[in-house]
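Residue numbers (the working numbering), protein chains in the order written: chain A, 29 to 163; chain B, 29 to 335.
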């Protein structure tokens with residue numbers, strides 16, 4: 029029996045209206061055999077975590093181009109923990125200054141992907157980071 | 029498993045989500061879960077919502093859910109999108125239209141990929157509906173893209189089928205698969221602010237007349253889902269159908285037919301797997317080689333293998 033496909037939530041928190049990058053990643057993950065739940069724009073951290081829980085995802089990808097990452101990402105991570113979903117891997121894409129990357133990794137983000145990221149890198153990262161779910 | 033089930037039944041959303049993932053897989057663990065869930069099912073009313081891409085189904089489903097919440101009913105939503113035959117992955121985007129539903133503990137939204145083969149949709153979706161049913165959601169809305177076989181699969185899992193169309197389908201309606209009209213319990217013409225809406229309604233009504241006699245005449249309802257126009261009437265129609273099914277006892281017949289169909293499918297699969305385990309793939313492959321070489325025909329070959 030084939031392995032269960034990985035389920036990944038791709039979300040755009042905050043007021044960011046640029047979703048091309050998120051959609052490119054979403055399609056690439058689909059082409060790599062993953063089930064991608066795309067939430068659309070203007071998601072609050074609460075909405076993202078609610079979706080992550082209902083969809084029983086393996087990872088959440090946050091796409092942020094507005095610089096609001098240091099507020100939004102920690103909130104998502106703490107809400108996930110609050111709801112017993114700390115096993116969900118969080119990764120971030122968009123415009124993230126070098127100095128913030130370390131901090132993000134310290135609070136539990138598993139990967140940060142800036143502009144120029146190749147979709148293959150995200151696919152490989154997810155496959156490595158997420159154990160294949162047990163049958 | 030027992031703990032997971034107890035948690036799900038007592039309202040833990042994460043546990044319910046996990047349960048849905050388990051039953052979706054259709055393996056031994058899934059079957060164990062279904063065995064525990066099954067006795068608690070049979071209360072929820074499942075509504076299938078199907079129609080072509082671009083007909084506004086997701087928006088409509090979201091509005092129906094909101095209307096149901098105004099009527100104090102809890103709602104589960106299963107939004108199904110096709111798995112790519114090429115990659116095995118899927119892009120599940122129906123949640124995009126459901127922002128207004130967030131934060132409401134009386135609504136549970138789950139996106140599902142069809143995960144392939146014929147019957148795969150029916151089984152995974154049907155079991156997800158069961159999980160929501162067992163956990164007390166009173167109405168379960170199942171949204172799928174109308175594309176032939178999938179519509180029929182939806183029909184197998186739902187008590188009430190809503191088929192969504194949009195105006196301007198014109199001649200395409202004439203060529204519309206009779207299957208859709210035969211399974212529809214309610215027809216919705218969405219985006220009814222577009223030109224041609226009344227003509228579409230009239231055409232659908234005309235096409236429905238000869239098709240159905242029984243006790244239920246499918247109503248045709250106009251909606252503009254993006255601003256909630258007409259959605260209360262759709263819910264009214266669904267609830268009238270619920271009442272009709274119970275009063276006429278159709279619901280029992282329908283349920284029996286549905287359960288019978290599913291059970292026979294499962295028996296077929298089980299039987300085949302056991303037989304295959306005895307016979308072995310090699311013998312099958314060799315037979316197929318002989319078929320390719322035209323040394324025998326499929327029916328004769330099958331009969332011989334089964335001796």
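Where is the CB? At the ideal position from N, CA and C, for every residue including glycine.
Predicted model, so just to flag it, every value in this text is computed and none were measured.
Inter-residue spacing [alpha-carbon to alpha-carbon] between residue i and residue j
i                      : j                      : result
residue 1 of chain B   : residue 56 of chain B  : Residue numbering for chain B in the displayed model covers 29 to 335; residue 1 of chain B lies beyond these limits and cannot be assessed.
residue 123 of chain B : residue 319 of chain B : 47 Å
residue 83 of chain A  : residue 232 of chain B : 37 Å
residue 102 of chain B : residue 334 of chain B : 50 Å
residue 148 of chain A : residue 74 of chain B  : 40 Å
residue 289 of chain B : residue 88 of chain A  : 38 Å
residue 129 of chain B : residue 94 of chain B  : 7 Å
residue 133 of chain A : residue 36 of chain A  : 19 Å
residue 52 of chain A  : residue 43 of chain B  : 31 Å
residue 33 of chain B  : residue 258 of chain B : 38 Å
residue 85 of chain A  : residue 126 of chain A : 28 Å
residue 48 of chain A  : residue 89 of chain B  : 26 Å
residue 342 of chain B : residue 287 of chain B : Lying before the first or after the last residue shown, residue 342 of chain B is absent from chain B, which here runs from 29 to 335.
residue 109 of chain B : residue 33 of chain A  : 14 Å
residue 45 of chain A  : residue 261 of chain B : 35 Å
residue 154 of chain B : residue 215 of chain B : 22 Å
residue 78 of chain B  : residue 281 of chain B : 23 Å
residue 125 of chain B : residue 87 of chain B  : 5 Å
residue 79 of chain A  : residue 137 of chain B : 8 Å
residue 72 of chain A  : residue 42 of chain A  : 6 Å
residue 252 of chain B : residue 193 of chain B : 12 Å
residue 56 of chain A  : residue 154 of chain A : 12 Å
residue 331 of chain B : residue 63 of chain B  : 35 Å
residue 203 of chain B : residue 91 of chain B  : Here the model assigns residue 203 of chain B a pLDDT of 46, short of 50, so the residue's position is not dependable and the matter cannot be decided.
residue 274 of chain B : residue 329 of chain B : 48 Å
residue 158 of chain B : residue 110 of chain A : 28 Å
residue 223 of chain B : residue 230 of chain B : 13 Å
residue 295 of chain B : residue 321 of chain B : 32 Å
residue 133 of chain B : residue 285 of chain B : 33 Å
residue 48 of chain B  : residue 278 of chain B : 29 Å
residue 292 of chain B : residue 50 of chain B  : 22 Å
residue 272 of chain B : residue 244 of chain B : 8 Å
residue 141 of chain B : residue 311 of chain B : 34 Å
residue 151 of chain A : residue 145 of chain A : 11 Å
Endpoints, the alpha helix (DSSP H) within which residue i is located
i                      : result
residue 317 of chain B : 309-320
residue 108 of chain A : 97-110
residue 68 of chain B  : Element bounds for residue 68 of chain B: n/a, residue is neither H nor E.
residue 57 of chain A  : 48-59
residue 127 of chain A : 126-134
residue 147 of chain A : 147-157
residue 94 of chain B  : 85-98
Assumed close pair residue i, residue j - CB separation to whole angstroms, cut-off 8 Å
i                      : j                      : result
residue 83 of chain B  : residue 61 of chain A  : 28 Å between Cβ atoms; not a contact.
residue 208 of chain B : residue 191 of chain B : 5 Å
residue 66 of chain A  : residue 38 of chain A  : 5 Å
residue 117 of chain A : residue 158 of chain A : 6 Å
residue 106 of chain B : residue 168 of chain B : 7 Å
residue 77 of chain A  : residue 100 of chain A : Not quite, the Cβ-Cβ distance comes to about 11 Å (not below 8 Å), so this is no contact.
residue 81 of chain B  : residue 217 of chain B : In fact, because the Cβ distance is near 16 Å, the residues do not count as touching under 8 Å.
residue 65 of chain B  : residue 186 of chain B : At roughly 18 Å, the Cβ-Cβ gap does not stay under 8 Å, so residue 65 of chain B and residue 186 of chain B are not in contact.
residue 85 of chain B  : residue 210 of chain B : Contact doesn't hold; Cβ gap of about 19 Å is too wide.
For residue i, the residue or residues it bridges with in DSSP
i                      : result
residue 250 of chain B : B:217
residue 139 of chain B : B:107
residue 131 of chain B : Residue 131 of chain B pairs with nothing; no bridge assigned.
residue 141 of chain A : A:121
residue 38 of chain A  : A:66, A:89
Opening and closing residue of the beta strand (DSSP E) in which residue i lies
i                      : result
residue 29 of chain B  : Run containing residue 29 of chain B: none; DSSP gives neither H nor E here.
residue 264 of chain B : Segment 259-276 is the alpha helix (DSSP H) holding residue 264 of chain B; no beta strand (DSSP E) there.
residue 66 of chain A  : 63-66
residue 167 of chain B : 167-173
residue 191 of chain B : 188-193
Residues of the stretch 44-67 of chain A with a CB closer than 7 Å to any CB of chain B: list them in chain order, please.
Under the 7 Å Cβ criterion, the stretch 44-67 of chain A contributes 54, 55, 57, 58, 59, 60, 61, 62, 63, 64, 65, 66, 67.
Residues of the stretch 96-112 of chain A with Cβ closer than 8 Å to any Cβ of chain B, in chain order
Answer set for the stretch 96-112 of chain A: 111, 112.
Quick one, which residues of the stretch 109-123 of chain B are near chain A if we go by CB-CB under 7 Å, in chain order?
Under the 7 Å Cβ criterion, the stretch 109-123 of chain B contributes 112, 115, 116, 117, 118, 119, 120, 121, 123.
Under 7 Å, CB to CB, which of the residues in the stretch 32-43 of chain A have a partner in chain B?
Legend: CB atoms of the stretch 32-43 of chain A lying less than 7 Å from CB atoms of chain B belong to residues 32, 33.
Which of the residues in the stretch 127-145 of chain B, read from start to end, lie with their CB under 8 Å from any CB of chain A?
Near chain A, meaning a CB-to-CB distance below 8 Å, the residues of the stretch 127-145 of chain B are 127, 130, 131, 136, 137, 138, 139, 141, 143.
In the stretch 290-317 of chain B, which residues sit with their C-beta less than 7 Å from some C-beta in chain A, listed in chain order?
For the stretch 290-317 of chain B, which is checked against every Cβ of chain A, not one residue is closer than 7 Å.
Can you list, in chain order, the residues of the stretch 53-69 of chain B whose Cβ is nearer than 9 Å to any Cβ on chain A?
Listed by position, the residues of the stretch 53-69 of chain B near chain A (Cβ gap below 9 Å) are 53, 54, 55, 56, 57.
Can you give me, in chain order, the residues of the stretch 29-40 of chain B that have a beta carbon less than 7 Å from any beta carbon in chain A?
Closer than 7 Å at the C-beta level to chain A, one finds no residue of the stretch 29-40 of chain B.
Given a limit of 9 Å on CB to CB distance, which residues of the stretch 114-137 of chain A reach chain B?
Answer in chain order: no residues at all.
Looking at chain B, which residues of the stretch 80-95 of chain A have a Cβ within less than 8 Å of any of its Cβ atoms?
Within the stretch 80-95 of chain A, the residues whose Cβ lies closer than 8 Å to some Cβ of chain B are 81, 82, 83, 84, listed in chain order.
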